[in-house]
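Peer 1: Let me give you the structure first, and then I'll get to my questions.
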Amino acid sequence: MMIDLRSDTLTKPTEGMRRAMWQAEVGDDCYGEDPTVRLLEEKCAELFGKESAVFMPSGTMSNQIAIRCNTAPGDEVIIHHDYHVHFFESAQTADLAKVVLNPVRTSNGILTSKEIRDALESKPRSAMYAQVTLVSVENTINAYGGRIYPFEELLLLRRETERLGLRVHMDGARLFNAIVATGIKPTQYGKVVDSLSICFAKGLGAPVGSMLMGTEEFAEKARKYRKWYGGGLHQSGVLAAAALYALENHVDRLAEDHANAKRLAEGLQSIPGIILAPETVETNIVMFDVRQLGIDAQEFVAEARGEGVLLFPWARYTVRAVTNLGINRADIDLAIERLKKLCSRLRQERRGNRYCDYYGISS
Ligand SMILES: *Cc1c(COP(=O)(O)O)cnc(C)c1O
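Residue numbering for the sequence shown follows our numbering, beginning at 571 and increasing consecutively.
This is how it looks when you write it as structure tokens:
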């Protein structure tokens, strides 16, 4: 049996979730008449202490519409180079909101208030030039192994952006992982940003859906753009029912995913050739480096598939594994065993050219 650790988007709706979808009361949401969608929107707005919430088909649409609503064409958005909005959505952002992204690189994936100020002051800002109106952060941070944005940094960032007159959007595709890991309340996160999005189709295990939250005025605009972009759905209560079920049943259990990720990280760290610091694993994502095996991430992932473990090649030598509700502790132990066997074979096969590869010399 394959152990699929590629992503937490790969979960399938559980029986209980399918039952909730089956039983959902629905109406046409484009007429504001789907009671299940309305219930989910009200519940989320209350949970995060925001005035209003808009149910979106995907996390990407939430981000794109958040940027569109928080900026004017030609504005500049300060962001980290490795956040989803820049890493995967830079073309969409240029095309749809017609803003420029100012991607900042930091070694830990966190943007401090000083880095925001530096990015702002790095160019002339008089009325002739691009105006920074938005800062976009991500929590947890996918590219940095599901790292939690330190709350004290968010507070400082909030204070600084208020002083500078900038808005803040939080891409919270995995915000519930941070909430479960830290015990910080959703309303506290709601307070430090202007808009935020969460995803139901990541660790929460729903098939579809995201929620975009902000002020009443923001939400009204977001509904307009959702329609423009083709995201106005009709009897979407069947999808909202899955999300409601996920909120009730799949939030607390994220702690299991975190424990499994930690176990996986510790197991992988003990394998010679794999570079990994288990203390960096804070939630459900494990990133590790395979260059010492004389192999790149693509090749490693292909080899692992042959051994019955599915992984995601994140960067040239970086491989990603994500725990989720379809993975239990026994799967983790089996995955470690299979990867141990694979690495042992790779070390034997590649001993000859390993140093050549490592130093970038073609062998
Ligand atoms: C997955 C993800 C998204 C996009 O979500 P989709 O529903 O796949 O469009 C956005 N941001 C982050 C950080 C993500 O991990």
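Ideal placement from N, C-alpha and C gives every residue a C-beta, glycine not left out.
1) Is it true that the stretch 628 to 635 meets the stretch 679 to 687, where meeting means three or more beta-carbon pairs spaced less than 8 Å apart?
2) So the candidates are Y815, T853, F858 and L834; which of them puts its Cα closest to the Cα of G843?
3) Taking the alpha-carbon of A810 as reference, which of T710, E612 and Y601 has the nearest alpha-carbon?
4) Identify every run of the alpha helix (DSSP H) within the stretch 756 to 809, keeping only runs that are complete inside it and at least 4 residues long; order them along the chain.
5) What is the rounded straight-line gap between the Cα of E659 and the Cα of D764?
6) Shortest alpha-carbon distance to Q805 belongs to which of R576, H650, D604 and A642?
7) In terms of residue numbering, what span does the beta strand (DSSP E) encompassing S622 cover?
8) Of the residues V750, Y601, S677 and G837, which one's Cα is nearest the Cα of E826?
9) Can you give the Cα-Cα distance for Q593 and A816, rounded to whole angstroms?
10) Sorry if obvious, but does the Cβ on M781 come closer than 8 Å to a heavy atom of ligand 1?
11) CB-CB under 7 Å to K620, same chain, minus the five flanking residues each way: which ones, in chain order?
12) Taking the beta strand (DSSP E) that R890 falls in, what are its first and last residues?
13) Output yes or no for whether 9 Å exceeds the beta carbon distance between A813 and L774.
14) What does D859 pair with, by DSSP beta-bridge criteria?
15) DSSP three-state label for P673, please.
16) I need the DSSP call for S932, collapsed to helix, strand or coil.
17) Would you list the residues sitting across from V707 in a DSSP beta bridge?
18) State the CB to CB distance for the pair V762 and R717, rounded to an integer number of angstroms; the pair is presumed to be in contact (CB under 8 Å).
19) May I ask you to list the residues that DSSP assigns as paired with R717?
20) Can you look up L880 in the DSSP assignment and give me helix, strand or coil?
21) Taking the alpha-carbon of S577 as reference, which of Q868, T682, V889 and I845 has the nearest alpha-carbon?
22) Using 10 angstroms around the beta-carbon of G807, count the other beta-carbons present and answer buried if the total reaches 16, otherwise exposed.
23) What are the start and end residues of the alpha helix (DSSP H) that includes H650?
Peer 2: Based on what the coordinates show:
1) no
2) Here residue 843 refers to the residue found at position 273 when the sequence shown is read from its first residue. Selected option, being the one with the closest Cα: F858.
3) Here the question's residue 810 lines up with position 240 in the sequence shown. Minimum Cα distance to A810 is reached at E612.
4) 756 to 761 and 786 to 798
5) Position 89 of the sequence shown, counted from the start, is the residue given in the question as residue 659. Position 194 of the sequence shown, counted from the start, is the residue given in the question as residue 764. Spanning the two alpha carbons is a distance of roughly 20 Å.
6) If you number the sequence shown from 1, residue 805 lands on position 235. That would be D604, whose Cα lies nearest to the Cα of Q805.
7) To locate residue 622, count along the sequence shown from 1; it is residue 52. Element bounds for S622: S622 to M626.
8) Taking the first residue of the sequence shown as 1, we reach residue 826 at position 256. Nearest C-alpha to E826: V750.
9) The count along the sequence shown starts at 1 and reaches residue 593 at position 23. The count along the sequence shown starts at 1 and reaches residue 816 at position 246. Taking the straight line from one Cα to the other gives about 15 Å.
10) Here residue 781 is taken as the residue at index 211 of the sequence shown, counted from 1. No, ligand 1 has no heavy atom inside 8 Å of this Cβ.
11) Here residue 620 refers to the residue found at position 50 of the sequence shown. Excluding positions up to five away in sequence, the list reads G760, M783 and G784.
12) Counting from one through the sequence shown, the residue named residue 890 turns up at place 320. Its beta strand (DSSP E) spans residues T888 to V892.
13) Working through the sequence shown from its first residue, we reach residue 813 at position 243. Working through the sequence shown from its first residue, we reach residue 774 at position 204. Contact: yes.
14) Walking along the sequence shown from the start, residue 859 turns up at place 289. D859 pairs with I845 and T888.
15) As a first step, residue 673 is located in the sequence shown; it is residue number 103 there, counting from the start. Here P673 sits in strand by DSSP.
16) Taking the sequence shown and counting its residues from 1, one reaches residue 932 at position 362. The pLDDT assigned to S932 is 41, lower than 50, so where the model puts this residue is not dependable; a value taken from the coordinates is nonetheless given after this. Looking at S932 - three-state DSSP - the assignment turns out to be coil, as it is neither helix nor strand.
17) Counted from its first residue, the sequence shown places residue 707 at position 137. Bridge partners of V707: M740.
18) Here residue 762 refers to the residue found at position 192 when the sequence shown is read from its first residue. Here residue 717 refers to the residue found at position 147 when the sequence shown is read from its first residue. 17 Å between Cβ atoms; not a contact.
19) For the purposes of this step, residue 717 is taken as the residue at position 147 of the sequence shown. Paired residue(s): I711.
20) Start at 1 with the first residue of the sequence shown, and residue 880 comes out as number 310. In this structure, L880 counts as strand in the three-state DSSP scheme.
21) Here residue 577 corresponds to residue number 7 of the sequence shown, with the count starting at 1. For the residues Q868, T682, V889 and I845, the minimum Cα distance to S577 belongs to V889.
22) Against the sequence shown, residue 807 aligns to sequence position 237. Label assigned to G807: buried.
23) Taking the first residue of the sequence shown as position 1, residue 650 is located at position 80. No alpha helix (DSSP H) holds H650; the beta strand (DSSP E) holding it covers E646 to H650.
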